[in-house]
Amino acid sequence: MRDPIILEQVKTSLAELVRLSPGRAIEVRIPPYAAVQCGEGPTHTRGTPANVIEMDADTWLALVHGEKKWADALGEGLINASGARADLSALLPLQNRISS
Numbered sequence: 001m002r003d004p005i006i007l008e009q010v011k012t013s014l015a016e017l018v019r020l021s022p023g024r025a026i027e028v029r030i031p032p033y034a035a036v037q038c039g040e041g042p043t044h045t046r047g048t049p050a051n052v053i054e055m056d057a058d059t060w061l062a063l064v065h066g067e068k069k070w071a072d073a074l075g076e077g078l079i080n081a082s083g084a085r086a087d088l089s090a091l092l093p094l095q096n097r098i099s100s
């Protein structure tokens, strides 16, 4: 069962990510809460995207709030990232960019 508070935090932060980095070159997945496409580059339309980032909600929200760094989470195996553009480190943390 999805926690409604976490669901709202994930959806709000992913919407901000898309606002800051529009496009469809990267798919960011936070199962079971949400998935979005963002980032400039070749547009993904069918099948598995070339650039995929997947992690759990706790890891995503820690990155969003600056409680964890991208490189650390990646090194700890908390992020599954594939593809040349599968790196959000330049956009995180989002905490100061999200409107209340």
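Start counting the sequence shown at 1; every next residue gets the next number (UniProt numbering). Beta carbons: idealized from backbone N, C-alpha and C, even for Gly.
The beta strand (DSSP E) that contains glutamate 54, what's its start and end?
51-55 is the extent of the beta strand (DSSP E) around glutamate 54.
Taking the C-alpha atoms as reference points, what is the distance between glutamate 27 and alanine 50?
Going by the C-alpha atoms only, they are around 9 Å apart.
Using a Cβ distance threshold of 8 Å, determine whether the segment 25-43 contacts the segment 69-78, with at least three qualifying pairs required.
Short answer: they don't touch.
Is alanine 86 closer than 9 Å to valine 52 when the C-beta atoms are compared?
A Cβ-Cβ contact shorter than 9 Å links valine 52 with alanine 86.
Rounded to whole angstroms, what's the CA-CA distance from alanine 57 to serine 21? Just pull it up for me.
Between the alpha carbons of alanine 57 and serine 21 lies a gap of roughly 20 Å.
Would you identify the three-state DSSP class for glutamine 9, choosing helix, strand or coil?
Helix, per DSSP.
How would you label serine 100, buried or exposed, when you count the other beta carbons within 10 angstroms and need 16 or more for buried?
Because serine 100 sits at a pLDDT of 43, beneath the cut-off of 50, its placement in the model cannot be relied upon, and the following sentence gives the value as read from the coordinates. The residue is exposed, with fewer than 16 neighbouring Cβ atoms inside 10 Å.
Rounded Cβ spacing between alanine 81 and leucine 74 (contact assumed at less than 8 Å)
The pair is a contact, with the Cβ atoms about 7 Å apart (cut-off 8 Å).
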